[in-house]
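Mind the numbering: the sequence shown is residues 1 to 634 in the UniProt record's numbering, read in order.
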Amino acid sequence: MHILPSDYAREFRELKRTSLSHSTTKLILFVSCLNIDALTSAKILCGVLRKELISYQLVPVVGYADLKRRYLALDTEVNNVILLGCGAMLDIESFFEVELQPDMLRKVYIMDGHRPWNLDNVFGSSMVVCFDDGYIDSNLQQEREAYQYLVEHEDEEEDENEEDEVEKSDDEATGEDVDTDEDVLSISKKKSRKSASNSAENLISSYYNQGTTVATSTTATMYALISSIGETTIENLWLAIVGTSSLDSYYPDVYDKIQPLFNEEVYRLNPSSTSEKTADTTSLSVEKDYHLFLLRHWTLYDAFFYSSHVNSKLNLWTEEGRKRLHKLFAKMGVSLATAQQKWLYMDVTVKKQLPYIFNKYLPLYGLEGIVRDGFVRTYGYRGQLSAMECVEALTALLECDRAQVSNGDHPDDDRLIHQRIEDKERIWVSNFWMSWDALSTYGTQNKSTTKGNKGFDLLLEGLDHAKRIQQLIFRAGMSLLERRLVKNLRLYRLCVLNDGAIPDLSVFSNPLILSKLGTWLLENITELEFANNSTTLKPLVVASLDVPSDTYLVIGLAPKYPRGMSNSDAAKMLHKNGDATVTTRLNTFSVAFQQVASTSGAKVRIDSFDSSVIEIRRDDLSPFLERLTLSGLI
1 MHILPSDYAR EFRELKRTSL SHSTTKLILF VSCLNIDALT SAKILCGVLR
51 KELISYQLVP VVGYADLKRR YLALDTEVNN VILLGCGAML DIESFFEVEL
101 QPDMLRKVYI MDGHRPWNLD NVFGSSMVVC FDDGYIDSNL QQEREAYQYL
151 VEHEDEEEDE NEEDEVEKSD DEATGEDVDT DEDVLSISKK KSRKSASNSA
201 ENLISSYYNQ GTTVATSTTA TMYALISSIG ETTIENLWLA IVGTSSLDSY
251 YPDVYDKIQP LFNEEVYRLN PSSTSEKTAD TTSLSVEKDY HLFLLRHWTL
301 YDAFFYSSHV NSKLNLWTEE GRKRLHKLFA KMGVSLATAQ QKWLYMDVTV
351 KKQLPYIFNK YLPLYGLEGI VRDGFVRTYG YRGQLSAMEC VEALTALLEC
401 DRAQVSNGDH PDDDRLIHQR IEDKERIWVS NFWMSWDALS TYGTQNKSTT
451 KGNKGFDLLL EGLDHAKRIQ QLIFRAGMSL LERRLVKNLR LYRLCVLNDG
501 AIPDLSVFSN PLILSKLGTW LLENITELEF ANNSTTLKPL VVASLDVPSD
551 TYLVIGLAPK YPRGMSNSDA AKMLHKNGDA TVTTRLNTFS VAFQQVASTS
601 GAKVRIDSFD SSVIEIRRDD LSPFLERLTL SGLI
């Protein structure tokens, strides 16, 4: 079943009632491991549970197999399970092999922005509770009717099929095949029901095959929950903002929809901005922010150069593009010497003039929206971080160091490959806890359980790592475009990273980093296509070889329309392509990968909560891609 925001408080009270215990833990939280939106929502919920004295266990999970294994190992006394950042697209009862009993108390709660919803969870299960924002009632009425029709008439169809077989056997035995008026009427009714069933099945099939996307922020849903029970605080609001901000790079329409609501919350909850700052001040404010990469933490030049938005707009991977950037600085009246100074030491006068300068000159180069409202958190005298900077730091902390698990040898059996995958996933879980520690506001001087800094200090470490990763991604992306290693196929573009393709190949065995590279390539290619007046944009498949496990990590990315398009250009693209959203399209690779994997015979591992991310044996990649091209599913 699904519940609306008006029911959140009631459901939380029920969860609290059935989870309180003095002896055992009755509440388990499963959190998607490589998902900042899920991480921050878990951080909010755990704080509320501790305040309510509810015992719980928090379990980060790396994929479907890990989730199922840990669920099946749960104690029978566990009454409530909460899935954060995963589960929306699963048939929960079937996946967890649940045998419903009349006296069963356990409930599974789902907070997940991935779509489409699994209709069995939403309309067919009393055990599963889906937190919805009103989308289901507003947009899935036809699917609800089709689903309910199929459920109600399932037994009738089975009975009719049995009757048809019996009648056929009787006719064959007697040698008679004469239809009475009753038979004709019965046949007409059966045909009508069969037609209605086929229509319902086709509607449900189209719903599931439309592709996947992220439609809302898990953390925003969590914030709506705690708002309904009166637990809104500056700390929880900051976590909600960070979680939602993590979607801006890939799903900007989701962020743009929620951001104004958080603006209002900041003004409502934040103490007066005129209050004196102290060493313990942890205020949150809405300030002018720059859509440039970590501007406050290195130079103005680097912030421009390593911004994906600027890089794609100016084609900085070409010599002509870099000249264009230098001309831009000259037009703005900022010398290259000044632009290459550390932000901390730049002329204060120049810093204060930047919003005016940017708004005046950047639109001339198609760089609109660089200056926009952002959220800034103050950490006492230690410094400030914007929400976007915090996202970059957390993402970097989640991006594991493959050198820890790679020793350069080539596996020769499935057992060794399985061990490599387990080692990699173990590091992802460790990185989850490091990111968890980084979100601790207080006690920044303390050491974390990972034997390092925590809080603000750990976020600063993440920023340093983020800069290195961004430089590596840009070098790799520029090399791939310059060497024309992105192939333009009939239905999609393809980029395969293998031995010798790029340096630091092992780094791209992490789906977060490979996704960043793919998005960088997609944005640059999109801008080139848009500049050439092409409105038919192709999706992209990126495959990176993981030498230790002898597998390719494959990611399918839906095409993205350029940011900052004029309304007329947007309308033309919408009319031509019939898309529901300008900036993001549904990802059909999630469906295509599963269907091709089931028919190709290739050894494919589809375990990620993002179903457009798969792992495939090295020798099976080429035939798999051939089948994908011929499938007609993209």
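We put the beta carbon where it would ideally sit given N, CA and C, even for glycine.
Across the set Gly556, Ala438, Ser126, Val371, the C-alpha of Ser126 shows the shortest separation from the C-alpha of Leu100. Thr216 and Lys189 have their C-alpha atoms spaced approximately 43 angstroms apart.
Taking C-beta atoms under 8 angstroms as the contact rule, Leu553 and Glu615 qualify, at a distance of about 6 angstroms. For Cys495, the enclosing beta strand (DSSP E) starts and ends at 493-497. In this structure the segment 251-271 does not lie against the segment 342-360, because fewer than three pairs of beta carbons, one per stretch, are closer than 8 angstroms. Ranked by Cα distance from Arg490, the first of Lys51, Tyr290, Leu34, Glu626 is Glu626. In the structure shown, Gln341 adopts coil according to DSSP, grouped into three states.
Note that the C-beta distance between Glu11 and Val129 is below 8 angstroms. Taking a 10 Å sphere around the C-beta of Leu630, we find fewer than 16 other C-beta atoms and assign the residue as exposed. In the structure shown, Ile427 adopts helical secondary structure according to DSSP, grouped into three states. Between the beta-carbon of Val429 and that of Cys33 there is about 6 angstroms, and that keeps the pair under the 8 angstroms contact cut. With a threshold of 16 other beta carbon atoms within 10 Å, Lys288 falls short and is exposed. Taking C-beta atoms under 8 angstroms as the contact rule, Ala146 and Ala224 fail to qualify, at a distance of about 29 angstroms. Distance from Asp37 to Ser227 at the Cβ level is roughly 17 angstroms; contact not present, criterion being Cβ atoms closer than 8 angstroms. Contact annotation: Lys603 and Arg617 have beta-carbon atoms nearer than 8 angstroms. Here Ala531 is exposed, its C-beta having fewer than 16 other C-beta atoms within 10 Å. Shown here for Thr526: same chain residues with a beta carbon closer than 8 angstroms to its own, the five before and five after excluded, namely Ser312, Leu537, Pro559, Lys560, Tyr561, Pro562 in chain order. Going by DSSP, Ile36 is part of the alpha helix (DSSP H) stretching over 36-51. Taking the Cα of Ile606 as reference, the smallest distance to any Cα among Ala65, Ser6, Tyr251 is reached at Ala65. Less than 8 angstroms divides the Cβ of Ser590 from the Cβ of Gly211. One thing to note: Ile54 has its Cβ within 8 angstroms of the Cβ of Ser19.
In the DSSP assignment, Leu557 falls within the beta strand (DSSP E) that extends over 551-557. Looking at the backbone, the Cα of Thr25 and that of Leu15 are separated by about 13 angstroms. For Ala215, there is no enclosing beta strand (DSSP E), since its DSSP letter is neither H nor E.
Of the residues assessed, Glu264 falls on the exposed side of the cut-off, its CB having fewer than 16 other CB atoms within 10 angstroms.
Taking each of Ala592, Ser6, Thr599 in turn and checking the Cα distance to Gly632, the smallest one comes out for Ala592. Beta-carbon to beta-carbon, Ile473 and Lys516 are separated by about 5 angstroms, close enough to satisfy the 8 angstroms threshold. Around the beta carbon of Ile187, a 10 Å sphere encloses fewer than 16 other beta carbons of the protein chains shown; the residue is thus reported as exposed. If you look at Val81, you'll find it isn't in any alpha helix (DSSP H); it sits in the beta strand (DSSP E) that goes 80-84. Here Asn209 has Val591 as same chain residues with Cβ atoms under 7 angstroms from its own Cβ, once five neighbours each way along the sequence are excluded. Across the structure, Ser440 and Ile3 are spaced so that their CA atoms are roughly 31 angstroms apart. Inter-residue distance for Arg483 and Leu494 is about 14 angstroms (C-alpha atoms, whole angstroms). In chain order, Tyr290, His291, Leu292, Phe358, Leu362 place their CB closer than 7 angstroms to the CB of Ile370, counting only its own chain and leaving out the 5 sequence neighbours on each side. Per the coordinates, the alpha-carbon of Asn524 lies some 33 angstroms from the alpha-carbon of Met111. Taking C-alpha positions only, Leu485 is separated from Val613 by approximately 21 angstroms. Arg115 and Leu90 have their alpha carbons spaced roughly 10 angstroms apart.
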